[in-house]
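Below: one structure, written as structure tokens.
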Amino acid sequence: MSRYGGEVLQAQMLVDEAVEALQAQIDDTAIIACSGGIDSTVAAVLAHSAVGSLLHCVYVDTGLMRKDESEEVAGMFGDLSIELKVVDASERFFSHLEGVTEPEEKRMVIGEQFIRVFEEEQSTCGAKYLVQGTIAPDWIESGGGERDVIKSHHNVGGLPEDVDLVIVEPLRELYKDEVREMARQIGISSSERQPFPGPGLAVRVLGELTPDRVEACRQACHIVETHIQGAVEEGRCDLPWQYFAALLPVRSVGVHGDARVHGETVVVRAVASLDGMSARYSPIPHDVLAAISTEVTNTLKGQVNRVVYDITHKPPGTIEWE
Ligand code: XMP
Numbered sequence: 372m373s374r375y376g377g378e379v380l381q382a383q384m385l386v387d388e389a390v391e392a393l394q395a396q397i398d399d400t401a402i403i404a405c406s407g408g409i410d411s412t413v414a415a416v417l418a419h420s421a422v423g424s425l426l427h428c429v430y431v432d433t434g435l436m437r438k439d440e441s442e443e444v445a446g447m448f449g450d451l452s453i454e455l456k457v458v459d460a461s462e463r464f465f466s467h468l469e470g471v472t473e474p475e476e477k478r479m480v481i482g483e484q485f486i487r488v489f490e491e492e493q494s495t496c497g498a499k500y501l502v503q504g505t506i507a508p509d510w511i512e513s514g515g516g517e518r519d520v521i522k523s524h525h526n527v528g529g530l531p532e533d534v535d536l537v538i539v540e541p542l543r544e545l546y547k548d549e550v551r552e553m554a555r556q557i558g559i560s561s562s563e564r565q566p567f568p569g570p571g572l573a574v575r576v577l578g579e580l581t582p583d584r585v586e587a588c589r590q591a592c593h594i595v596e597t598h599i600q601g602a603v604e605e606g607r608c609d610l611p612w613q614y615f616a617a618l619l620p621v622r623s624v625g626v627h628g629d630a631r632v633h634g635e636t637v638v639v640r641a642v643a644s645l646d647g648m649s650a651r652y653s654p655i656p657h658d659v660l661a662a663i664s665t666e667v668t669n670t671l672k673g674q675v676n677r678v679v680y681d682i683t684h685k686p687p688g689t690i691e692w693e
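Throughout, the numbering used here is defined as the position within the sequence shown, counted from one, plus 371.
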């Protein structure tokens with residue numbers, strides 16, 4: 372059998388096993404948070420195949436999503452013929468994150484608010500189970516083994532102890548590349564999308580999360596994505612595994628026309644990786660970086676006046692900045 376045939380068979384086996392396990396586990400109404408990311412989408416499709424209308428899919432707009440993301444996720448679930456409820460909770464997230472700058476505390480606040488939104492949805496639909504798209508690196512990096520906590524992933528470490536739902540994690544033992552294979556196998560259109568962290572842009576905006584700063588990061592991420600995708604289409608560089616911008620609360624002096632500007636810093640991050648556990652920085656052509664820098668500083672005039680390029684591997688860095 373060809374290698375490709377073997378992978379297809381393997382992916383189908385993983386899908387069948389997961390659906391069977393979910394049928395055995397879930398005997399009542401279940402709820403799932405769908406972010407549009409590959410992990411939660413695969414978990415939703417598997418659970419929907421297993422229990423059909425017992426599953427309630429909810430998309431929480433935290434105000435921390437990428438540009439146009441909410442519309443795209445709604446469209447994707449429409450294409451999958453799975454009903455999706457969209458809850459706009461952005462004000463709630465921003466108000467709870469006010470004044471919070473410590474990375475672990477941000478993750479805890481976000482994790483807790485996620486669950487609180489879910490409890491409200493649960494009381495509406497009477498769910499007993501919470502399905503999550505947790506994959507192996509999520510809990511390994513959250514201190515699942517004997518290791519130090521590197522980052523508490525919002526779908527693991529952020530869980531409050533008094534959560535009143537039975538947690539079901541069909542992808543818990545799997546790595547990203549296996550989940551991608553499953554996504555291709557079940558025909559999820561986003562299977563080639565780059566991964567996006569559960570806490571969203573929160574881990575890319577260092578310092579306080581205000582709507583303005585998150586919007587700046589959103590625009591910078593969009594600019595980075597557009598330029599790098601353009602360069603890849605022209606065959607100028609390989610498609611990185613993940614590529615984005617982060618906003619740093621580092622102010623430096625700059626100049627716009629005759630005016631002095633004391634603006635913040637955007638960092639461009641692009642990495643090659645297989646499963647996110649380790650990564651190498653992706654070389655991006657210098658003229659592409661220059662075009663990104665020009666567009667970011669023009670678009671965010673007065674707010675951002677410096678753009679830098681991160682050339683750190685993982686380890687010693689992590690992929691995200693928080
Ligand atoms: P790091 O930054 O730890 O990230 O090298 C490894 C991969 O995980 C993603 N990431 C997350 N995914 N919840 C998630 O679902 C999280 O809290 C989280 N934090 C990081 C990150 O984007 C990268 O792909």
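Ideal Cβ placement from N, Cα and C applies to all residues, glycine included.
Check for me: the alpha helix (DSSP H) holding residue i runs from which residue to which?
i: D410; result: I409 to V422
i: I403; result: Unbroken run through I403 is the beta strand (DSSP E), A401 to A404; no alpha helix (DSSP H).
i: Q556; result: K547 to Q556
Does residue i come out as helix, strand or coil in the three-state DSSP assignment?
i: K456; result: strand
i: E512; result: helix
i: C608; result: coil
i: G377; result: helix
i: Q613; result: strand
i: L660; result: helix
i: P582; result: helix
i: V527; result: Any reading at V527 needs caution, since the residue's pLDDT is 47, under 50, leaving its predicted position unreliable; the model's value is listed next. If DSSP states are grouped into helix, strand and coil, V527 belongs with coil.
i: L435; result: coil
i: S649; result: coil
i: L671; result: coil
i: L344; result: Residue 344 falls outside the range modelled here, since the chain spans only 372 to 693, and no answer is possible.
i: G625; result: strand
i: R677; result: strand
i: L618; result: strand
i: K522; result: coil
Looking only at its chain, what residues have a beta carbon closer than 8 angstroms to the beta carbon of residue i, apart from the 5 residues adjacent to it on each side?
i: R543; result: T505, I506, A507 and W510
i: A460; result: V431, D432, T433, G434, Q484 and V488
i: V422; result: L393, Q394, I397 and A401
Looking at the unbroken beta strand (DSSP E) that takes in residue i, where does it start and where does it end?
i: I538; result: V537 to V539
i: V637; result: A630 to A643
i: D432; result: L426 to D432
i: V574; result: That residue, V574, is in no beta strand (DSSP E); it is neither H nor E in DSSP.
Apart from the five residues on each side of it in sequence, which residues of its chain come closer than 6 angstroms, Cβ to Cβ, to residue i?
i: E476; result: none
i: S373; result: Because S373 sits at a pLDDT of 45, beneath the cut-off of 50, its placement in the model cannot be relied upon, and the point is left open.
i: A587; result: L618, L671 and Q674
i: K547; result: D646 and G647
i: G688; result: none
i: V539; result: Q396, Y500 and V502
i: V678; result: V637, S664 and V667
i: A650; result: V642, S644, K685 and I690
Excluding the 5 residues preceding and the 5 following residue i in the sequence, name in chain order all residues of the same chain whose CB lies nearer than 7 angstroms to its CB.
i: R589; result: R437, K438 and L572
i: V390; result: L417, S420 and A421
i: T683; result: Y652
i: P620; result: L577, G578 and E635
Runs of alpha helix (DSSP H) wholly within the stretch 448–509 (minimum 4 residues, chain order): With a minimum length of 4 residues, the continuous alpha helix (DSSP H) runs that stay inside the stretch 448–509 are 461–468 and 474–496.
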